[in-house]
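In this note's numbering, each residue's number is its place in the sequence shown (first place is 1) plus 529.
In this text, a Cβ means the ideal position worked out from N, Cα and C, and glycines have one as well.
The structure appears right after this line, and notes come after that.
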Amino acid sequence: MPKLGGRGAFGAVGTVRNFMSVVKEINFDEVRDRAEQVPKVLVLSTDSAAALEAAIRVFGDQPERYVEARTWSESGTTDLTRYDAAIVADPGNTSLFDRVRKSAGRGRTENLFSLPNTTGSETKGEDRLRAELVSTFPDLAPSFGRFFPLFRSAAVKAIVDESARANAQFALISNIPSIVPILGSFVSAGADLIVLTKNQVMMSYKIAAAHGRDLHDQSGVIRELAPVVGAGFLWRSIAREATSFLPLAAGTIPKVAIAYAGTFSVGRTIDYYYRYGKKPSKDQLKQFAKQASELAAKIDLPGRKDQGSPNGEHREASTGVPIEASGDQTR
Numbered sequence: 530m531p532k533l534g535g536r537g538a539f540g541a542v543g544t545v546r547n548f549m550s551v552v553k554e555i556n557f558d559e560v561r562d563r564a565e566q567v568p569k570v571l572v573l574s575t576d577s578a579a580a581l582e583a584a585i586r587v588f589g590d591q592p593e594r595y596v597e598a599r600t601w602s603e604s605g606t607t608d609l610t611r612y613d614a615a616i617v618a619d620p621g622n623t624s625l626f627d628r629v630r631k632s633a634g635r636g637r638t639e640n641l642f643s644l645p646n647t648t649g650s651e652t653k654g655e656d657r658l659r660a661e662l663v664s665t666f667p668d669l670a671p672s673f674g675r676f677f678p679l680f681r682s683a684a685v686k687a688i689v690d691e692s693a694r695a696n697a698q699f700a701l702i703s704n705i706p707s708i709v710p711i712l713g714s715f716v717s718a719g720a721d722l723i724v725l726t727k728n729q730v731m732m733s734y735k736i737a738a739a740h741g742r743d744l745h746d747q748s749g750v751i752r753e754l755a756p757v758v759g760a761g762f763l764w765r766s767i768a769r770e771a772t773s774f775l776p777l778a779a780g781t782i783p784k785v786a787i788a789y790a791g792t793f794s795v796g797r798t799i800d801y802y803y804r805y806g807k808k809p810s811k812d813q814l815k816q817f818a819k820q821a822s823e824l825a826a827k828i829d830l831p832g833r834k835d836q837g838s839p840n841g842e843h844r845e846a847s848t849g850v851p852i853e854a855s856g857d858q859t860r
């Protein structure tokens, strides 16, 4: 049995030492440019007052600064290609959503959303809409979180969710080269670590964007993120190097779980830092890790029996496990 301090320990130290080198290879320009671009949003309703009220419910006070809210007209077609998202508010339940969608013809409609009717101070309808919008278009999540604070929790959740699932999926696929004896294991252990870390760094940068950080101060953002992401990379590298030399069937589950849980934990930690301006406590980090492990355990993998949920429903597809809202749940 290999002793600790051999290749595994050396690899871990090496990855931390080369962390900034890995970062330098990442191009943040596309993410920054998109995050700094105000989302083009249209809110439609049966009259202008209802449209403005809906815009306030979803986007906060003074939505006219960024949001176009207006009455829908029965005449002509509705061109939704000009907008990142279009929201229909129908307080009178007049089937307005169906009419708007029909008026779009064969044009774009996947960016069309319906605002549920709510009463009193209930906000669950707005919360569901925000979550649906950014999860449908995760590339827009940084900009929605940046320009609309009410979207921030849903935006960060979408960013972390997408990144954790992508890393879990990559870990599953990257285990295939390990079928090749010795050489394949080394290739799998090295190449995927770099990709997973790059994905985590990009996720962290998107979270910074959603929290309104100065994205042109790229060095400053990276300096803030390096201790958190680097620490996650350190413990993950040791565990991943160990599992990389297991046979495919035995090594897949722990590798996927590590990729998912590590990314999730880093995302929650970064979000907490930007929310409160300080690092989470040890107890909070333990809770993040516990939550990540519980979610990783639910990932469907080949050979793992689908036990389903307590009410008999099946879990989501492989690496499609949802994560909890990224608002602080540790206080």
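* Burial state of H740, where buried means 16 or more other Cβ atoms lie within 10 Å -> Its Cβ being crowded by 16 or more others within 10 Å, H740 is buried.
* CA-CA distance, K569 and R599? -> Whole-angstrom Cα-Cα distance: 14 Å.
* **Rounded straight-line distance, which links the Cα of V663 to that of S822** => Spanning the two alpha carbons is a distance of roughly 24 Å.
* **Assigned secondary structure, E554 (DSSP; H/G/I helix, E/B strand, else coil)** => It is coil, neither helix nor strand.
* To do: Using the Cα positions of Q566 and Q813, report the straight-line distance between them to the nearest angstrom.
  => C-alpha of Q566 to C-alpha of Q813: approximately 34 Å in a straight line.
* **Environment of N622 [buried if 16+ CB atoms lie within 10 Å]** => So N622 ends up on the exposed side.
* Asked: Roughly how many angstroms separate the alpha carbons of Y803 and T606, rounded to a whole number?
  -> A direct Cα-to-Cα measurement between Y803 and T606 gives close to 43 Å.
* Can you list, in chain order, the residues of its chain whose CB lies under 7 Å from that of L712, leaving out five sequence neighbours each side? -> Low per-residue confidence applies at L712: pLDDT is 39, beneath 50, and the placement is therefore not dependable, though the value from the model is reported in the following sentence. Within the same chain, L712 has no close Cβ partners at all.
* To do: Have a look at the DSSP bridge pairing and note the partners of V617.
  => In the DSSP output, where bridge partners are listed per residue, V617 has L573, S643.
* Could you check if S672 is buried or exposed, using at least 16 other CB atoms within 10 Å of its CB as the buried criterion? => Result: buried.
* To do: Taking only the alpha-carbon atoms, compute the straight-line gap between Q747 and S604 and give it to the nearest angstrom.
  => The alpha-carbon atoms of Q747 and S604 are separated by roughly 48 Å.
* Please work out which residues of its chain come closer than 6 Å, Cβ to Cβ, to G654, disregarding the five sequence neighbours upstream and downstream, and give them in chain order. => Only P645, T647 meet the Cβ criterion.
* Asked: Does the distance from the C-beta atom of A670 to that of A684 stay below 7 Å?
  -> Taking 7 Å as the Cβ cut-off, A670 and A684 qualify as a contacting pair.
* **Burial state of K631 (16 or more Cβ within 10 Å)** => K631 comes out exposed.
* To do: Per DSSP, which residues does A598 bridge with? Please list them.
  => The secondary-structure analysis by DSSP pairs A598 across a beta bridge with V572.
* Buried versus exposed call for S733 [16 or more other C-beta atoms within 10 Å across all chains shown] -> So S733 counts as buried.
* Relative to the C-alpha of R797, which residue among S682, G674, L641 is closest? -> Answer by Cα proximity: S682.
* To do: Please report how far the alpha carbon of Y595 lies from the alpha carbon of G636, in whole angstroms.
  => C-alpha of Y595 to C-alpha of G636: approximately 24 Å in a straight line.
* E593, DSSP secondary structure in three states -> Correct three-state label for E593: helix.
* Would D835 be called buried (16 or more neighbouring beta carbons within 10 Å of its own) or exposed? -> For D835, the predicted structure reports a pLDDT of 47, less than 50, and the residue's modelled location is therefore unreliable. The matter cannot be settled from this model.
* Helix, strand or coil for A693, going by three-state DSSP, please let me know. => A693: helix per DSSP, three-state reduction.
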